[in-house]
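Numbering (the working numbering), first residue to last: 6 to 282.
Think of the CB as a built atom: it goes at the ideal place given N, C-alpha and C, for glycine as much as any other residue.
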Amino acid sequence: MKRIICPIDFSETSLLAVQYATEIADFHGAQLTIIHAVHLPALEGNKVPLSERVQKNNWIEQENSTMEVVEAIDTKFKRRGSFASVDYEVKEGLLVDIIVNMEKKGGIDLIVMGTLGASGLGDYLIGSNTSRVVKKVKSPVLLVPFESTCKRLNKIVYGSNLDESEISAIKEVVNFAKKQKAMLKIVHIGNPNSKIVENRLAEFEEFVKKNVSYERMSMHIEFNKDEFIGLNKFLKREKADLLAIHNRKRNFISKLFDSSLADEFIFHSDVPVLCLN
């Protein structure tokens, strides 16, 4: 992992995401780029643009605030003797468009973003754009819940559909887990009435072990008719620090951002979610 980007709007949610991005960059000796999007709308009630002076003052203020965050990260890296480095980009435009355009230029290995909190944060820029970014980019996206606490990732759970097409995602998670020296638990949420799921798991485990080698990796089944409830139970019981999901589970990803389901899952959870393509 060479480059990580992390959007910031100075909300508590985005600042928490910055903490995670900083720690991951430190572990990997990566380049961390803090992104701040400046959107200059027309004055309310008409289409008259903001004056050039107001725009300039706003830009300077936003850039100074971004630099303060970056300087704090840089100081932390230097104090630790880290191989990681940090820079920033303040860009005019909509955050989703900025990230998509940056990705098209290549070189992005991970995007770290905050999700909506449970405390009326729905109007913040980062939370309102997170689902759009996940759906539009090809890079892995780490979603950091508002109620999470930045800590070392000692136990990672990967939610599997027992599909061989997931092997590239599993390899990516394994590489991530190795760098963190974390345990990796691959879990499938199975229907308790299904008699073939255990056989499928055994076959899938054999397939994975032929393609991936990691001594701290194990396979599990959690029986539950509801995927969200089953996954939540497993995460809590295992005291997981991170959940990884393959983006090909499009139905799951779409449900993840449905407000009613998200309320019960991510946004009231303290477990970050890594969405992989």
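Between the alpha carbons of tyrosine 25 and leucine 247 lies a distance of about 11 Å. Note on geometry: alpha-carbon atoms of valine 95 and lysine 110 lie some 17 Å from one another. Rounded to whole angstroms, the gap between the alpha carbons of lysine 184 and arginine 137 is 29 Å.
Looking only at Val139, Asp114, His225, Arg84, the smallest Cα-Cα distance to aspartate 102 is reached by Val139. Excluding residues up to 5 positions away in sequence, Val217 lie with their Cβ nearer than 7 Å to the Cβ of lysine 176 in the same chain.
The continuous stretches of beta strand (DSSP E) do not include tyrosine 219, and DSSP gives it neither H nor E.
In the DSSP assignment, leucine 279 falls within the beta strand (DSSP E) that extends over 278-281. Serine 90: member of the beta strand (DSSP E) spanning 90-97, first to last residue. By the Cβ test, the segment 145-152 is not in contact with the segment 184-203, since fewer than three Cβ pairs between them sit closer than 8 Å. Cβ contact annotation for arginine 205 (same chain, cutoff 7 Å, sequence separation greater than five): Leu167, in chain order. Taken atom to atom, the span from the alpha-carbon of glycine 195 to that of valine 117 is near 30 Å.
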